[in-house]
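Residue numbers (our numbering): 19 to 352.
Here a beta-carbon is modelled for each residue, glycine too, at the ideal position from N, C-alpha and C.
Following this line, the structure appears as structure tokens:
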């Protein structure tokens, strides 16, 4: 395939930066990253990339004057940028409406004006949750039932993309992915918070009984799936991305403790958060059968151990975030 120029929104964040690294390692494409560099974006996440193939533009995806010329210059837009932390959405929903809804609208209008291919990255949280004993998993036809301001605004952004495809012919695809883990994830998130606490000798903290189930996928596998959809996906269609990695939070914490040489019961319980979804589970059959995709990290423990190694080796990346993050959690008793 001929090399392309991609505009990657949110490309200095966790999942977006992993995608940028993946693209530059596996294709001849060049990339422009558009990122507001809020607390979740980090210039350091883009260090070490090939010179001349990536540039960073600092800006707001809801600013049409910034967005329009970048979309005009791109062969495709891959839209990762989002406010994404559930706890933050419960404390103040307004940034989630601005970025996830107005930002997506602004990008879609630019893609519409310039006829630019568009891929929208979303989450399985738009579907709400499943009962712990439910044999079903989320599919492309599962009804939306968001539980938080975060998941509600992501659901709204998905619906905007679908409407712009149908009403205006925008050449877009969508993907909904399960919970990601891996390098360069902000320490406010569940797995890196536990890892960095353990590095600092702090006992992990577990919401409630820890029975909430998430379907974990390594960020590298998410990246390879998005690239497959961008290259071979059917316009207007949605693909679910998952790696059959269902684990409850208690199992994840206990596995991390074992990997890091601690007793499996060496953690504390804290009060559960409001509206905490019970279980997510992705059926990625369509992605695998139609596009021939499969995850490289089929073994969750292997991927988790590699993630622990990354955080141990890259303290300079996460240390500046740690104190403020823990202070914010302490203020809420978590």
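task: Could you spell out the range, first to last residue, of the beta strand (DSSP E) harbouring residue 288?
output: 286–288
task: Throw me the rounded Cβ distance for the residue 196 and residue 233 pair, which I believe falls under 8 Å.
output: 4 Å
query: Under a Cβ-count criterion, where at least 16 other Cβ atoms within 10 Å of its own Cβ denotes burial, should residue 345 be classed as buried or exposed?
result: exposed
message: So, under 8 Å CB-CB, residue 28 and residue 53 are touching, yes? Tell me the CB distance rounded to an integer number of Å.
response: 6 Å
task: Kindly indicate which three-state DSSP category residue 165 falls into: helix, strand or coil?
output: coil
- prompt: Can you tell which of 86, 109, 112 has the C-alpha that lies nearest to the C-alpha of residue 133?
  reply: 86
field: Assigned secondary structure, residue 116 (DSSP; H/G/I helix, E/B strand, else coil)
entry: helix
task: Please work out which residues of its chain come closer than 7 Å, Cβ to Cβ, to residue 206, disregarding the five sequence neighbours upstream and downstream, and give them in chain order.
output: 103, 343
Three-state secondary structure (DSSP) of residue 325: helix
query: Looking only at DSSP bridge pairs, what is residue 32 linked to?
result: Answer by DSSP bridge pairing: none, since residue 32 is not bridged.
message: When you compare the CB of residue 133 with every CB in chain C, is at least one pair closer than 8 Å?
response: This model lacks chain C altogether; it includes just one protein chain.
Rounded separation between residue 328 and residue 202 - CA only: 9 Å
field: When 190, 162, 119 are compared against residue 252, the one with the closest alpha-carbon
entry: 190
- prompt: If you check the beta carbons only, do residue 223 and residue 162 fall under 8 Å apart?
  reply: no
task: Taking all protein chains shown into account, decide if residue 338 is buried (16 or more other Cβ within 10 angstroms of its Cβ) or exposed.
output: exposed
- prompt: In chain order, which continuous runs of the alpha helix (DSSP H) of length 4 or greater are located wholly inside the segment 215–293?
  reply: 237–250, 267–277
task: Would you mind stating whether residue 80 and residue 33 have Cβ atoms separated by less than 8 Å?
output: no
field: Chain-order list of residues whose beta-carbon lies under 6 Å from that of residue 111 (same chain, five-residue window excluded)
entry: 167
message: Just to confirm, is the Cβ distance from residue 51 to residue 30 under 8 Å?
response: yes
- request: Report the residue ranges of all alpha helix (DSSP H) runs contained in full by the segment 121–184; include only those spanning at least 4 residues, in chain order.
  value: 122–132
message: Cutting at 7 Å between CB atoms, please list the residues of its own chain near residue 105, excluding the five before and the five after it.
response: 291
query: What's the C-alpha gap between residue 349 and residue 287?
result: 16 Å
- request: Would you mind working out which of 43, 151, 84 sits nearest residue 68, comparing C-alpha positions?
  value: 43
message: Check for me: the alpha helix (DSSP H) holding residue 106 runs from which residue to which?
response: 104–109
Cβ-based neighbour list, residue 276, same chain, cut-off 7 Å, excluding 5 preceding and 5 following: 282
query: Is the CB-CB distance between residue 55 and residue 76 below 8 Å?
result: yes
field: Uninterrupted beta strand (DSSP E) stretches inside the segment 58–97 (no shorter than 3 residues)
entry: 72–76, 94–97
Strand pairing of residue 296, partner residues [DSSP]: In the DSSP output, where bridge partners are listed per residue, residue 296 has none listed.
message: Could you give the first and the last residue of the continuous alpha helix (DSSP H) run that contains residue 345?
response: 333–349
message: In whole angstroms, give me the CA-to-CA distance for residue 230 and residue 151.
response: 12 Å
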